[in-house]
Amino acid sequence: MVSPISPLPIFVLLLSTLSLKVSSLLLEESFVQCLNMNSDRTYPFHTTVYTPSEPSFKTLLDSLAMNLRCLAPSVPKPEFIFTPSQDSHVQASVICSKKLGIHLRVRSGGHDYEGLSYVSEIETPFIVIDLIKLRGINVDTKTNTAWVQSGATIGEVYYKIYEKSSILGYPAGLCTSLGVGGHITGGAYGTLMRKYGLGVDNVLDALIVDANGKILDRKAMGEELFWAIRGGGGGSFGVLVWWKIKLVPVPPTVTVFTVTKSLEQGATKILHRWQQVAPFVDENLFVRVIIQPAASVTNKTQRTITTSYNAVFLGEATTLIQVMKTSFPELGLTRKDCQETSWIKSVLYIAGFPSDTPPQVLLKGKPTFKNFFKAKSDFVREPIPETGLEGLWQRLLIEDIPLMIWTPYGGKMNEFSESDSPFPHRNGTLYKIQYLSIWQEGEKNVAKHVEWIRKLYNYMTPYVSKFPREAYVNYRDLDLGINTKNSTSYIEASSWGYRYFKGNFDKLVKIKTRVDPENVFRHEQSIPPLPI
């Protein structure tokens, strides 16, 4: 005789679900009431809070997320998303999250590789403050400066500069949907870095909401905190609401090209030579390398490795051809390979848009790259020998959709010391490597792809920086270590802190201890305060 199923467990489950819904609603209601109490005037805050029971919640959560791995059903979701439309709303949200004792994450663009701006694996419940409505951009061509709100994308910034002047630019990201707030806090590199340095090297002022809910400009925050937010990573010191950036001159004509070489075309020797050229060539020339498998031209049933030299030159094609003939004749660049264009069009070119795409596409502000992926990074200080490259090819060929991007340093980057900003990867760095494993099976084969990239990373150990093995903070990698809910210790954080910031990590910890001793702004790899 089959025993009847007791209704008690089902009842308990339903009661538990109902209890969670009620507590979530109460939390939302308390938060809205608190916002009203801490704002200058009554505002319809209910229209700016999105809960999981609303269809628009998932749409908003998913809209800016770049890594689909961080949106999987098994990944924790926020209790609600708050979308402030004024700076004062951000202030109130910080005050209220403290009063209610609820953990907050802040999202500007959603590009965080591990989803730390909208996912909390170590602490629930949590809420997300999404800066999507804070997108103001005020360009002043008289002073060659601009004030930019954190929720704007870097593509929107480029477009607004272009609207005012075709011969001004800003040295920041290649991916145009990056949120300005988080992007600049980690460094911000792009095609102008060898000429003008990073985004953080061209910041003049900022407005930040601190742990007490106060808005501070550069003078009010002091030079130490201003130093920390320019390269110390997002989510540790406060909520950046505005950046004041310095615009830089760009010529009326720039030249772009992409030349691809496969193994059958001598890719190994050419790439070996690139390592000796790209960091030392004319600072007006930026030539990165995109490395990935492709079908072999000679045998379609087999895969080969292709290396695509993707470049922007601040000048005309005739000058570029001379530079390449002198410095890098091995690539065999011809005039037919070159396309003369404007700086704003070069932004679209590097971002992968078709050649007939109008600049207005930059105003869309949504990620064009949305995939399941795992990423890692390295910095290289000595050329990798050809034997090392050959071993690398073998490992890339066994993965489904691997991708590597090598970004040249040198030029202006060599003029900064390691401590000028928290971003320490300066003089002596030849190039940076970004490793990616991309997949389309959702959660099905995550372990397989993550294991592959970890093995590749281990293989590269002899060829990259050491003591510490450096990593780029804007390519977050939780394999390097994480803070835990009850213990954000200096010792544990050192495992990744020194990789991202080298000796600057200790100074960042001291500043964090002074400005946010209660650790209001925290996540899996936030800067820890020292115990008081």
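The sequence shown lines up with residues -24 to -1, 1 to 508 when you count with mature numbering (1 follows the signal peptide of the UniProt record, and there is no 0). C-beta atoms are modelled at their ideal positions from N, C-alpha and C, and glycine is treated no differently.
In chain order, what residues of the same chain have a beta carbon less than 8 Å from the beta carbon of residue i, not counting five sequence neighbours either side?
i, result
"Ile281", "Ser238, Leu239, Ala243, Ile267, Gln268, Pro269, Ala270, Trp369, Leu372, Leu373"
"Val66", "Pro60, Ile105, Leu107, Leu110, Val185, Val215, Val217"
"Thr464", "Asn495, Arg498, Ser502, Pro504, Pro505"
"Ser64", "Ser15, Asp16"
"Cys10", "Ala68, Ile71, Cys72, Lys75, Leu76"
"Tyr451", "Tyr89, Ala351, Lys352, Ser353, Gln410"
"Asp362", "Here the sequence assigns Glu to residue 362, which means Asp is not the residue at that position. Excluding positions up to five away in sequence, the list reads Thr244, Lys245, His248."
"Val(-3)", "Any reading at Val(-3) must be qualified, since the residue scores a pLDDT of 49, below 50, and its modelled position is unreliable; the value itself is stated next. Hits under 8 Å: none found."
"Tyr135", "Ile320, Pro335, Gln336, Leu338, Leu339"
"Gln251", "Val356, Pro359, Ile360, Leu406, Tyr407"
Just verifying my parser: in three-state terms, what is the DSSP assignment at residue i?
i, result
"Thr437", "helix"
"Pro493", "coil"
"Glu427", "helix"
"Ala182", "strand"
"Lys442", "coil"
"Phe7", "helix"
"Leu(-12)", "Confidence is the limiting factor: at Leu(-12) the pLDDT is only 39, short of 50, which leaves the residue's position unreliable and the question unanswerable from this model."
"Asn12", "helix"
"Glu316", "strand"
"Tyr474", "helix"
"Leu239", "helix"
"Ile137", "helix"
"Leu192", "strand"
"Thr129", "strand"
"Tyr451", "coil"
"Gly155", "strand"
"Asp332", "coil"
"Asn459", "coil"
"Leu506", "coil"
"Phe202", "helix"
"Val422", "helix"
"Tyr172", "helix"
"Asp177", "helix"
Please go through the same chain and pick out, in chain order, the residues whose beta-carbon is closer than 6 Å to the beta-carbon of residue i, but skip the five residues on each side of it.
i, result
"Glu200", "Ile487"
"Ser470", "none"
"Leu144", "Ile137, Leu223"
"Ile458", "Glu500"
Got a sec? Which residues, its chain only, sit under 7 Å from residue i by beta carbon, not counting five neighbours each side?
i, result
"Phe289", "Val230, Thr231, Asn260, Leu261, Leu296"
"Leu216", "Ser126, Gly157, Thr161, Ala182, Ile184, Ile205"
"Glu316", "Thr229, Thr231, Glu292, Ala293"
"Val176", "Ile160, Gly163, Ala164, Arg206, Gly207, Ser397, Phe399"
"Tyr138", "Ile320, Pro335"
"Thr27", "Ser(-1), Glu4, Phe33, Phe56"
"Val166", "According to the sequence provided, residue 166 is Gly. The question's Val does not apply to it. For Gly166, where only same-chain residues beyond five positions count, the Cβ hits under 7 Å are Pro147, Ala148, Gly149, Leu150."
"Lys140", "Val115, Thr117"
"Leu456", "Ala447, Ser471, Trp472, Arg475"
"Phe355", "His401, Thr405, Lys408, Val440, Ser441, Glu446"
"Arg194", "Asp181, Ala182, Phe202"
"Asp376", "Trp415"
"Gly367", "Tyr435"
Check the C-beta distance from residue i over to residue j and give it rounded, since I have them as a contact under 8 Å.
i, j, result
"Arg83", "Leu40", "7 Å"
"Pro359", "His248", "7 Å"
"Val179", "Trp219", "6 Å"
"Tyr407", "Pro444", "Tyr407 to Pro444, Cβ: 18 Å. No contact."
"Trp428", "Ile409", "Trp428 to Ile409, Cβ: 16 Å. No contact."
"Val273", "Phe304", "Their Cβ separation, rounded to whole angstroms, is 23 Å, which puts Val273 and Phe304 out of contact at 8 Å."
"Pro52", "Thr100", "5 Å"
"Ser441", "Arg311", "The pair is not a contact, with the Cβ atoms about 38 Å apart (cut-off 8 Å)."
"Gln416", "Phe348", "7 Å"
"Asp313", "Phe202", "That belief does not hold up - the Cβ atoms of Asp313 and Phe202 are roughly 43 Å apart, past 8 Å."
"Thr236", "Thr283", "7 Å"
"Gly341", "Thr129", "4 Å"
"Ala196", "Val491", "Incorrect: roughly 12 Å between the Cβ atoms, too far for contact."
"Phe58", "Thr24", "6 Å"
"Asp258", "Val299", "5 Å"
Per DSSP, what are the beta-bridge partners of residue i in this structure?
i, result
"Ser413", "Lys350, Pro378"
"Trp123", "Asn114, Lys220"
"Phe233", "Ala287"
"Val25", "Phe58"
"Tyr325", "Answer is none; Tyr325 lacks a bridge partner."
"Tyr466", "Paired residues: none, contrary to the question."
"Leu144", "Pro225"
"Val215", "Val185"
"Tyr407", "Val356, Pro384"
Taking 6 Å as the cut-off, is the CB of residue i close to at least one heavy atom of the ligand NAP?
i, result
"Asp16", "As presented, the structure is devoid of all ligands, the ligand NAP included, so that no description of it is given."
Ranges of the alpha helix (DSSP H) found wholly within the segment 28 to 109, counting only runs of at least 4: Whole alpha helix (DSSP H) segments, 4+ residues: 31 to 39, 63 to 76.
Runs of beta strand (DSSP E) wholly within the segment 350 to 386 (minimum 3 residues, chain order): Unbroken beta strand (DSSP E) stretches of 3 residues or longer found wholly inside the segment 350 to 386: 377 to 384, given in chain order.
Segments of 3+ residues assigned as beta strand (DSSP E) that fall wholly inside the segment 262 to 309: Whole beta strand (DSSP E) segments, 3+ residues: 279 to 289.
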